[in-house]
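Engineer: Taken in order, the sequence shown gives residues 1 to 61; the numbers are from the working numbering. The beta-carbon is built from N, C-alpha and C at its ideal position, and this holds for glycine as well.
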Amino acid sequence: MKTKKVYRFNNGFIGTIQDAINNDMFVKSSIDTVPAIEFNRVKYNRMNAREQEIYEKRLKD
């Protein structure tokens, strides 16, 4: 028998995701654009100058 996962939400509601959707708890939603490549400082610092230039070009695109 499969059990349903129950979550505690910020407003004190306890229930499943489906219950929250049915109660219109997720009315505020938005679509954001996320860059394909995220800057990684550790990775960047380990690169040599040539690799850093290539990495910077990829970040700009």
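Taking the alpha helix (DSSP H) that residue 21 belongs to, which residues open and close that run?
Structural biologist: 17-22 is the span of the alpha helix (DSSP H), which, as asked, contains residue 21.
Engineer: Hey, how far is the Cα of residue 46 from the Cα of residue 33?
Structural biologist: C-alpha separation (whole angstroms): 28 Å.
Engineer: Could you pull the start and end residues of the alpha helix (DSSP H) that residue 42 belongs to?
Structural biologist: Unbroken alpha helix (DSSP H) run through residue 42: 41-46.
Engineer: From what residue to what residue does the alpha helix (DSSP H) around residue 49 run?
Structural biologist: Where residue 49 is concerned, the enclosing alpha helix (DSSP H) stretches over 49-60.
Engineer: Shortest alpha-carbon distance to residue 11 belongs to which of 20, 57, 48 and 50?
Structural biologist: Nearest of 20, 57, 48 and 50 to residue 11, Cα basis: 20.
Engineer: Taking 8 Å as the threshold (C-beta atoms), are residue 5 and residue 16 in contact?
Structural biologist: A contact, by the Cβ cut-off of 8 Å.
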